[in-house]
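Novice: The sequence shown begins at 825 in my numbering and counts up by one.
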Amino acid sequence: MAIRPFQLHRPRTLEEALALLEEHGDDASPIAGGTELLVALKARVLHYEHLVDLKKVAGLRGASIDAAGGIAIGALSTHHELANHPVVREHLPAYAALSDNIANIRVRCAGTLGGNLCFAEPHADPPALLCALGAQLVLERPGRSRRVPMQDFITSDFTTAREDGELLTRIDIPRPVAGASFAYANFGHLERPAVGVAVGCRPAGSGLAFEVWVGAIAGRPVRLDRVERALEGAPAGEAAAVARRAAEAAAGTLEAHDDIHGSADYKRHLAAVLVGRMVDAAARRQAQAQT
Ligand SMILES: Cc1cc2nc3c(=O)[nH]c(=O)nc-3n(C[C@H](O)[C@H](O)[C@H](O)COP(=O)(O)OP(=O)(O)OC[C@H]3O[C@@H](n4cnc5c(N)ncnc54)[C@H](O)[C@@H]3O)c2cc1C
């Protein structure tokens, strides 16, 4: 099916882009790489009279270290750029690896992190790891800027806390605490993940504290605090086994959807397996960083 005609706007500044969205209201949509939106427009699931192309807007790409030592990522950065960006590779190696594993090279070169988060397709990789990293999303509209924690941004399938007329401009990741490590892995037999698990690990007293997130399994990432509590005080060498047992116990209550990626029970099983593996991976990286 051909896309119904629309007017394409190509602003050069954020102010111009925001003004266009304000002027055309519900008749306008931002477009970044177009890897999701163009498919929906072609299928005529969506239609807008005006598309505001963000690709030429200055200042929305790349990654840098901010004044507080955190990492600021421009929302228009493509997955390919982030996989290869020196700042991301040095300070967020788990995130660089995740970006390098998204889809295929064509999607990675066109698709942006901002588009991934704003579309909120549930079978996505970045949200779970960004939750574990404590990311904050910066949303702007004319005369107002606000921050939303990643864990509150995606509210359900294809739905976010972004309000009409707002653009996601930046993803801020706080400087990881000394000795912290992160691990992420997904599993699926289609292009998108059926399940993804992100684990953060940091020194706490004489042991380690873990943060465990499961993504792609339901409409929004889920934090497995039961697993985190079970890991409190567990010897590092036993953490993976403790996590796996706790994840199996917690998995029964995990919200999961039956869909083309697998049954809900299959995904719960995958989640428990990946939790054990990622707790192990994060603990090993943490130990290696100390030597
Ligand atoms: C074949 C295929 C395989 C894929 N596999 C994976 C995978 O393995 N893992 C994974 O995580 N993802 C996967 N994806 C999803 C991919 O990551 C996204 O398609 C891509 O990141 C979307 O970015 P985009 O710039 O193309 O968004 P667009 O299509 O341009 O936009 C998507 C939506 O976000 C809105 N939007 C875009 N940017 C902004 C902004 N800055 N502020 C506000 N709203 C904005 C648009 O209005 C639109 O509603 C896959 C996609 C495809 C097509």
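For each residue, glycine too, the CB sits at the ideal point set by N, CA and C.
Remember, predicted model here, so these are calculated numbers, not experimental data.
Based on the DSSP secondary-structure assignment, which residues constitute the bridge partners of Leu992?
Specialist: Note: Leu992 sits in a beta bridge opposite Leu963.
Novice: Three-state secondary structure (DSSP) at Ser1087?
Specialist: Coil.
Novice: With DSSP as the reference, please indicate the residues paired to Leu937 in a beta bridge.
Specialist: Leu937 is not bridged to any residue.
Novice: Flag Ala899 as yes when its Cβ comes closer than 6 Å to any non-hydrogen atom of ligand 1, and as no otherwise.
Specialist: Answer for Ala899: yes, Cβ within range of ligand 1.
Novice: Can you tell me the Cα-Cα spacing of Ala1105 and Glu847, whole angstroms?
Specialist: Distance between the alpha carbons of Ala1105 and Glu847 is about 49 Å.
Novice: Are the Cβ atoms of Pro1045 and Pro951 separated by less than 7 Å?
Specialist: Contact flag set, yes.
Novice: Between the alpha carbons of Gly938 and Arg994, how many angstroms are there, rounded?
Specialist: Each residue's Cα considered, the two are about 8 Å apart.
Novice: Tell me which residues pass a beta-carbon proximity test against ligand 1: closer than 5 Å to any heavy atom, given in chain order.
Specialist: Qualifying residues, in the order they occur: Ser853, Pro854, Ile855, Ala856, Gly857, Gly858, Thr859, Glu860, Leu861, Ala899, Ile926, Ala927, Val931, Gly935, Thr936, Gly938, Gly939, Asn940, Cys942, Phe943, Ala948, Asp949, Leu991, Leu992, Glu1015, Arg1016.
Novice: For Thr983, write down the residues that DSSP places opposite it in a beta bridge.
Specialist: Paired residue(s): Ser980.
Novice: Give me the DSSP bridge partner(s) of Gly1039.
Specialist: DSSP output for Gly1039 lists Gly1020 as bridge partner(s).
Novice: Are Phe977 and Leu961 closer than 7 Å when you measure CB to CB?
Specialist: Yes, Cβ-Cβ distance for Phe977 and Leu961 is below 7 Å.
Novice: Using DSSP bridges, identify the partner residues of Cys1025.
Specialist: DSSP lists Ser1005, Phe1034 as partners of Cys1025.
Novice: What alpha helix (DSSP H) runs, 4 residues minimum, are completely inside the segment 876-958?
Specialist: Counting only runs of 4 or more, we get 903-908, 910-915, 917-924, 929-934, 937-943, 950-956.
Novice: For the beta strand (DSSP E) that contains Arg834, what are its first and last residues?
Specialist: Premise fails: Arg834 is in no beta strand (DSSP E) and is neither H nor E.
Novice: Return the Cβ separation of Ala934 and Asn940 in integer angstroms, given the expectation that the two are a contact with Cβ distance under 8 Å.
Specialist: So it is not a contact: roughly 11 Å between Cβ atoms.
Novice: Would you check if the segment 990-1010 and the segment 890-900 touch, i.e. whether three or more CB-CB distances between them fall below 8 Å?
Specialist: Cβ pair count under 8 Å is three or more, so yes.
Novice: Among Glu860, Arg970, Arg836, Gly886, which one has its Cα closest to the Cα of Glu905?
Specialist: Comparing Cα positions, the closest option is Gly886.
Novice: For Val1066, report the span of its alpha helix (DSSP H) as first-last.
Specialist: Its alpha helix (DSSP H) spans residues 1063-1075.
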